[in-house]
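Student:
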Amino acid sequence: MDDTDIALMARIKEGDLEAYEQLLDRHQRPVFNTAYKFLNDEADAEDITQEVFIRVYKAAATYKPQAKFTTWLYTIVKNLCFNAIRKKQSGRLLSIEDETVPEMVSPGDDPSEMLSREQLKRRVIRAVNNLPHNLRLAIILQKFHGFSYEEIAQMLGCSQNAVKLRVHRAKQYLAEALGTLKEETY
Amino acid sequence: MNCQWIQDNLSAYMDKELSEAKISAIREHVRNCTGCRTEYERMSQAWNVLNLWAEIEPRPDLRKKILHAVQEEKSSQWLQIMLPAAAVLLMAMSIYIYVGYFHARNDQDMAGQTEGTAVVTEHDLQNVNEDEIITHLELLRDKDFYDTLDTLEKIDYLPLVEEVMQNIEEEQRSSLECSLV
Amino acid sequence: MKKGIRIVFSMVFLLIASPYLQAEENGITKNRVLWKSMSQQERVRIIKMYRVWKTQPAESRRKIQQNYKTYHNLSHEERQKLKSRYNEYKRLDALHRKLIRERVKKMDQMFKDRRNMILERYGTMQKKPREEQIRMIKKSLFWKRLNEQEREIFKKLLFPQHEENKLQ
Chain A
253 MDDTDIALMA RIKEGDLEAY EQLLDRHQRP VFNTAYKFLN DEADAEDITQ EVFIRVYKAA
313 ATYKPQAKFT TWLYTIVKNL CFNAIRKKQS GRLLSIEDET VPEMVSPGDD PSEMLSREQL
373 KRRVIRAVNN LPHNLRLAII LQKFHGFSYE EIAQMLGCSQ NAVKLRVHRA KQYLAEALGT
433 LKEETY
Chain B
18 MNCQWIQDNL SAYMDKELSE AKISAIREHV RNCTGCRTEY ERMSQAWNVL NLWAEIEPRP
78 DLRKKILHAV QEEKSSQWLQ IMLPAAAVLL MAMSIYIYVG YFHARNDQDM AGQTEGTAVV
138 TEHDLQNVNE DEIITHLELL RDKDFYDTLD TLEKIDYLPL VEEVMQNIEE EQRSSLECSL
198 V
Chain C
22 MKKGIRIVFS MVFLLIASPY LQAEENGITK NRVLWKSMSQ QERVRIIKMY RVWKTQPAES
82 RRKIQQNYKT YHNLSHEERQ KLKSRYNEYK RLDALHRKLI RERVKKMDQM FKDRRNMILE
142 RYGTMQKKPR EEQIRMIKKS LFWKRLNEQE REIFKKLLFP QHEENKLQ
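Chains as they are written, first to last, in the numbering used here: chain A, 253 to 438; chain B, 18 to 198; chain C, 22 to 189.
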């Protein structure tokens, strides 16, 4: 039977690199995809993933399992993703704390159009990328990883109500941008 | 429970983040309210369409890169412990050596000894490497003594030389006599 | 990892070498203080010595350096003995000093097994009480074959002042 993440962390603390590889194989792909969806850049996502797992290794010696391992892991992911965004945005007026949902709808974005699957995917990506960072990360964690509001609240360092509101507003925006598309297109 | 409350909680309803009672109440309302049902369908359609954005596979060398970085981190963690230790040791040694040196110099200055370097005539100091003199000072001061030391040591053996020579000669003579007999 | 091994080796090296470096540094510091405390005349004498030293053949300089090391490895008693012997030696005229050097040289030129035999006997003799050693020297062929003047010279060289009464 596979060890739990916490048991693996205990083994890593003892210098067991095999346990580290096991933990890496278990979480590398979802961590990478979270960063990729958030940053929409494969190279940046790779850098973030590498940094996340180096931090996990460094922290193993002092790691105390106070919450779920994944909550702790994605808190690191969130911090690094936000740092990366801050670096990219330095000089811009909007902070990452800004949660203003962008205005709909730009010309040519008529959702009633009949779109190819690829076009539709591109529109989905664009819509998600248009979301403010806090909302974007909340829905990535909720939609693609199935984390509960409570877990997301811990990761983002806010209340459950705030998460609920963020997810709700994100869904409203996405509904605005994508909602009238025909179900058979996906 | 008016339509506004229902629509504000539709997202949480979709995510099953409400109590059973509230879920039942919303389900019931949505079934009967056209406006709220339309809003619910719009939102859930948009939510479902996100599935198009499938996960991608990270490049295979990412795993290798991470493991390599961790190996380096492991080495550097070890260095982080050893380097300060080595630095402290070096510093302690330097302080020990130089404190000793300045202490000796100060003792000398306190004793009011004359600074003799300037007194020696320039002619004497020409083509002289003072540092080399200082390095070999003791040896130079008693150079003649050290030059004769091996001779002086061997004087102790002299009283034994002739006995040993005589013994050897006797042995040689007796062996010669034996061979002649 | 290689860096780590290098660091450990450097530390071990420093730990081993530090007493020697310290000793050398102390020696130089001591010499520097000595140099500063010297009178002008002494310094001029040392500088002259230095010039002579620099012109000596490498072989002679090596021998002097070796003797210097040997001396510093000797016990306090042995050092004292050699110092007082040197004082006597210095007072001898050039002819007698030459005579002593020739006798020693002759011994150096002996076959190795003979020299070893002498050293062995000397070792045995050293284990005996000093009075016994003095008696042995006085009974030796070497002693008997010395003329009166030579005997006076070797008396000074072999028996320090305080041992004179033991010679009676």
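Every residue gets a Cβ at the ideal spot worked out from N, C-alpha and C, and that includes glycine.
Consult DSSP for residue 131 (chain C) and reduce its assignment to one of helix, strand or coil.
Tutor: coil
Student: At a cut of 8 Å, does the stretch 279-294 of chain A reach the stretch 367-374 of chain A through at least three beta carbon pairs?
Tutor: No: the two stretches stay apart, fewer than three of their Cβ pairs being nearer than 8 Å.
Student: State yes or no: is the C-beta of residue 412 (chain A) within less than 7 Å of the C-beta of residue 401 (chain A)?
Tutor: yes
Student: Are the C-beta atoms of residue 30 (chain B) and some chain C residue less than 7 Å apart?
Tutor: no
Student: Would you list, in chain order, the members of the stretch 172-189 of chain B that have their beta-carbon closer than 7 Å to a beta-carbon of chain C?
Tutor: 172, 173, 174, 175, 176, 177, 178, 179, 180, 181, 183 and 185
Student: In angstroms with no decimal places, state the Cα-to-Cα distance between residue 35 (chain B) and residue 393 (chain A).
Tutor: 18 Å
Student: Whole angstroms is fine: what's the gap from residue 103 (chain C)'s alpha carbon to residue 169 (chain B)'s?
Tutor: 7 Å
Student: Quick check: what's the CA-CA separation for residue 116 (chain B) versus residue 87 (chain B)?
Tutor: 43 Å
Student: Could you give the residue range of the alpha helix (DSSP H) that holds residue 458 (chain A)?
Tutor: An answer regarding residue 458 (chain A) cannot be provided, because it is not within the stretch 253 to 438 covered by chain A.
Student: Can you have a look at residue 165 (chain B) and say buried or exposed, based on whether 16 or more other CB atoms are within 10 angstroms of its CB?
Tutor: By the 10 Å Cβ count, residue 165 (chain B) comes out buried.
Student: Could you tell me the distance, in whole angstroms, from the CA atom of residue 403 (chain A) to the CA atom of residue 323 (chain A)?
Tutor: 6 Å
Student: List the residues of chain B that residue 86 (chain C) touches, going by C-beta distances under 9 Å, in chain order.
Tutor: 153, 156 and 163
Student: Taking Cβ to Cβ, would you say residue 326 (chain A) is nearer than 7 Å to residue 407 (chain A)?
Tutor: yes
Student: Could you name the residues of chain B that residue 406 (chain A) contacts, counting a contact when the two beta carbons are closer than 7 Å?
Tutor: In chain order: nothing, as chain B lies at least about 15 Å away.
Student: Just how far apart, CA to CA, sit residue 168 (chain C) and residue 123 (chain C)?
Tutor: 17 Å
Student: Name the residue from C:48, C:95 and C:137 whose alpha carbon lies nearest to the alpha carbon of residue 154 (chain B).
Tutor: C:48
Student: Against chain A, with Cβ distances strictly below 7 Å, would residue 83 (chain B) count as a contact?
Tutor: yes
Student: So residue 150 (chain B) contacts chain C; which residues on that side make the cut at Cβ distance below 8 Å?
Tutor: Those are 56, 67, 68 and 71, listed as they occur along chain C.
Student: Closer than 8 Å is the cut-off here; do at least three beta carbon pairs connect the stretch 329-342 of chain A with the stretch 373-383 of chain A?
Tutor: no
Student: When DSSP labels each residue in this structure, what does residue 313 (chain A) get in the three-state scheme?
Tutor: coil
Student: Using only the alpha-carbon positions, how far apart do residue 372 (chain A) and residue 262 (chain A) sit?
Tutor: 45 Å
Student: Give a yes or no on whether the minimum CB-CB distance between residue 436 (chain A) and chain B is below 7 Å.
Tutor: With a pLDDT of 41 at residue 436 (chain A), under the threshold of 50, the predicted position of this residue should be treated as unreliable, and no value is reported.
Student: In three-state DSSP terms, what is residue 57 (chain C)?
Tutor: Taken through DSSP and simplified to helix, strand or coil, residue 57 (chain C) comes out as helix.
Student: Within 7 Å (strictly less), CB to CB, does residue 77 (chain B) reach chain A?
Tutor: no
Student: Any beta carbon from chain A within less than 7 Å of residue 60 (chain B)'s own beta carbon?
Tutor: Proximity of residue 60 (chain B) to chain A, defined by a Cβ-Cβ separation below 7 Å, is satisfied.
Student: Under 8 Å by Cβ, that's how I've got residue 186 (chain B) and residue 161 (chain C) pegged, so tell me the actual separation to the nearest angstrom.
Tutor: Between residue 161 (chain C) and residue 186 (chain B) the Cβ distance is about 16 Å, and since that is not below 8 Å, they are no contact.
Student: Measure how close the beta-carbons of residue 291 (chain A) and residue 275 (chain A) come, nearest whole angstrom, since I'm counting them as under 8 Å.
Tutor: Between residue 275 (chain A) and residue 291 (chain A) the Cβ distance is about 23 Å, and since that is not below 8 Å, they are no contact.
Student: Counting only beta-carbon separations shorter than 7 Å, does residue 257 (chain A) have a partner in chain B?
Tutor: no
Student: Assuming residue 172 (chain B) contacts residue 106 (chain C) under a Cβ cut-off of 8 Å, what Cβ separation, rounded to an integer in Å, is found between them?
Tutor: 7 Å
Student: Which residues, in order along the stretch 94-110 of chain B, keep a beta-carbon less than 8 Å from a beta-carbon of chain C?
Tutor: 95, 96, 99, 100, 102, 103, 106, 107 and 110
Student: I'd like the span of the alpha helix (DSSP H) that includes residue 179 (chain C), first residue to last.
Tutor: If you look at residue 179 (chain C), you'll find it in the alpha helix (DSSP H) that goes 169-179.
Student: Whole angstroms is fine: what's the gap from residue 419 (chain A)'s alpha carbon to residue 95 (chain B)'s?
Tutor: 45 Å
Student: Consider the Cβ of residue 52 (chain C): report whether some Cβ of chain B lies at a distance smaller than 7 Å.
Tutor: yes
Student: Given that residue 86 (chain B) touches chain A, what residues does it touch there, using C-beta distances under 7 Å?
Tutor: 302 and 306
Student: Alpha carbons only, please: which of C:34, C:174, C:25 and C:61 is nearest the one belonging to residue 119 (chain C)?
Tutor: C:174
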